[in-house]
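*Asks:* If you're matching positions, the sequence shown starts at 426 in our numbering and goes up one per residue.
Every residue gets a Cβ at the ideal spot worked out from N, C-alpha and C, and that includes glycine.
Note that the structure is a prediction, hence the values are computed from the model and not measured.
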Amino acid sequence: MCMETNSSSQCVGRSMGLHSHCTDKVEIEVRKIKSKVRDTARQDQSTPRQIFADVMGNASEAAAARLDSKDISKLVYYHRQNEDPKSSCNPAMMVILSELMSYLNKPFVMHDTGPSVRRIIVFSTSKLLQILNIGGLMGHSIWC
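1. According to the neighbour-count rule (16 or more other Cβ atoms, all chains shown, within 10 Å of its Cβ), is A488 buried or exposed?
2. Identify whether C569 lies in helix, strand or coil by the three-state DSSP scheme.
3. Taking the alpha-carbon of T472 as reference, which of T550, V501, F533, T538 has the nearest alpha-carbon?
4. Nearest-angstrom Cα distance between E454 and L529?
5. According to the Cβ coordinates, are I497 and V462 closer than 7 Å?
6. Please report how far the alpha carbon of F533 lies from the alpha carbon of I545, in whole angstroms.
7. Check D479 in the structure and name its three-state DSSP category.
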């Protein structure tokens with residue numbers, strides 16, 4: 426049997442299953458809003474404020490009272506952080522993908538000191554390095 430509530434979210438039906446409580450329409454709406462925030466945060470790069478405005482546009486006053494923009498911002502941050510790939514921050518463990526080694530069939534990794542904690546990698550094109558060299562920013566022409 427489905428649970429039915431009146432306009433005051435009071436139970437007017439009984440559960441015949443394992444549930445022993447009445448449904449709370451506002452709580453269900455809040456959960457739907459949080460689910461929509463989660464999905465939007467993972468798929469869209471909108472600001473938390475924009476996501477808040479989108480999901481709260483059709484929310485009831487009771488649901489809006491239970492959520493605020495800080496809650497939504499925290500949810501957006503949390504879900505975006507958990508969607509990031511889990512890769513090492515250690516430069517010694519960094520792997521340069523083969524797609525990044527060249528740009529337009531020309532070398533793009535100009536210098537790599539190799540795996541170490543103090544690793545230095547220079548991503549550039551020879552043309553950009555020549556421009557830096559002309560401006561006197563590179564000192565010696567060791568990169569070209």
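*Replies:* Put simply:
1. A488 is buried by the Cβ-count criterion.
2. Low confidence applies here, because C569 scores a pLDDT of 48, under 50, leaving its location unreliable; read the following figure in that light. Coil, per DSSP.
3. T472 has its Cα closest to that of V501, out of T550, V501, F533, T538.
4. Distance from the CA atom of E454 to the CA atom of L529, rounded to whole angstroms, is 51 Å.
5. In contact: I497 and V462 (Cβ atoms closer than 7 Å).
6. When the Cα atoms are used, F533 and I545 turn out to be separated by approximately 14 Å.
7. The three-state secondary structure of D479, taken from DSSP, is helix.
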